[in-house]
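Novice:
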Amino acid sequence: MRPLQTQRPAPVQLPLFPDRVTLTRIQPALNERRYYEIEIQADLFGAVVLARRWGRIGYSCRMRLEPYPDFGSALDALASLARRKRRRGYQDQHAV
723 MRPLQTQRPA PVQLPLFPDR VTLTRIQPAL NERRYYEIEI QADLFGAVVL
773 ARRWGRIGYS CRMRLEPYPD FGSALDALAS LARRKRRRGY QDQHAV
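Sequential numbering of the sequence shown, starting at 723, is according to the working numbering.
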């Protein structure tokens, strides 16, 4: 008698260099619920822009756009900024 073969879920391939990061910092004791989103986008003229959005979860956000000469330099800036935010207590929010 052959054992039943179970279906294994397909492995999830995470990007090596993500072009979007969503971070949250939630501390109920301090009534703090913050988020920080960083994303690399192309503007209407084809230039590379690093878009940053931040604020309190559930409220309107603040936004800042920074132009970069190429995708690689924007990717470096995204990684550096995400690293600084993680040192300040922000944690990655994974999509469910």
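Ideal Cβ positions, reconstructed from N, Cα and C, are used throughout, including at glycine.
When the Cα atoms are used, what is the spatial distance from P740 to Q813?
Specialist: Going by the C-alpha atoms only, they are around 15 Å apart.
Novice: Would you mind listing the beta strand (DSSP E) stretches within the region 734–816 that are 3+ residues and don't spill past its ends, in chain order?
Specialist: With a minimum length of 3 residues, the continuous beta strand (DSSP E) runs that stay inside the region 734–816 are 742–749, 754–764, 770–778 and 784–790.
Novice: Can you name, in chain order, every residue of its own chain whose Cβ lies under 8 Å from the Cβ of E754, other than the five neighbours on each side?
Specialist: So the qualifying residues of the chain are R747 and I748.
Novice: Assign L752 to one of two classes, buried (16 or more other C-beta atoms within 10 Å of its C-beta) or exposed (fewer than that).
Specialist: Exposed, by the Cβ-count rule.
Novice: May I have the straight-line CA-CA distance separating R806 from Q729, to the nearest angstrom?
Specialist: Those two C-alpha atoms are separated by around 41 Å.
Novice: Is the beta carbon of L803 sitting closer than 8 Å to the one on I762?
Specialist: No, the Cβ-Cβ distance between L803 and I762 is not below 8 Å.
Novice: Any idea if Y781 is buried or exposed, counting beta-carbon neighbours within 10 angstroms, 16 or more meaning buried?
Specialist: Classification of Y781: exposed, given that the 10 Å Cβ count is below 16.
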